[in-house]
Amino acid sequence: MRHAIAPGTGDPENFTIGDCSTQRNLDETGRNQARAIGERVREAGIELDVILSSQWCRCLETASLLGLGPVTEELALNSFFRDSGTKKTQTDQIIDRLGALPEGIKALLITHQVNITALTGIYPRSGEIILIRVDENNTVEMLARLMP
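The working numbering numbers the first residue of the sequence shown as 1066 and each following residue consecutively.
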């Protein structure tokens, strides 16, 4: 899932992980969007086993406002918008992490457009969920695009 609506592009020059005052963050529209998506997921009866999030505040806040369960920070989901040199390594780490999950485990990843595009080739909208499956050969199969 791409984080909910956070106006702007990228982050300010003084960006620091863990200091939300230095980052591009969700606005009230984004907060409402995250709450509504969480509600729709619950209404659909979807239960998640694992929720992983980028350490960026807009992703962590999206994950929290979804209200779908405990969230674990995952470094490999951090944005590489400013430094695409880590794109392949981070994408491979996510594929490996998903491929290692036991069969039947449902995971939700909250991350950034660049990460999702690197993984799937899709340019997602804010709040959009790209449903994928990673097979035994660590091949990513795109199943659906959801805008709950």
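No residue lacks a Cβ here, since even glycine has one placed at the ideal position from N, Cα and C. Owing to the predicted nature of the structure, the values given are computational and were not obtained by experimental measurement.
Smallest Cα separation from Ala1069: which of Ile1197, Glu1206 and His1177? His1177
Residue interval of the beta strand (DSSP E) (run including Ser1118): In the DSSP assignment, Ser1118 falls within the unbroken beta strand (DSSP E) covering Val1115 to Ser1118.
CB contact flag (Leu1174, Leu1117, <8 Å): yes
May I ask which residues mark the beginning and end of the alpha helix (DSSP H) holding Glu1104? Glu1093 to Glu1108
Is the CB-CB distance between Gly1073 and Arg1089 below 8 Å? Going by C-beta atoms, Gly1073 is nearer than 8 Å to Arg1089.
Quick check on Arg1190: buried or exposed, where buried means 16 or more other Cβ atoms within 10 Å of its Cβ? exposed
Around the C-beta of Asp1076, are 16 or more other C-beta atoms found within 10 angstroms, so that it is buried, or is it exposed? buried
Give the DSSP-derived three-state secondary structure of Arg1089 in the structure shown. coil
Meets three-Cβ-pair contact criterion under 8 Å: the region 1197-1213 and the region 1148-1165: yes
Going by CA-CA distance only, name the one from Ser1149, Leu1208, Gly1192 and Pro1167 that's closest to Ile1114. It is Asp, not Ile, that sits at residue 1114 in the sequence shown. Nearest option by C-alpha distance: Pro1167.
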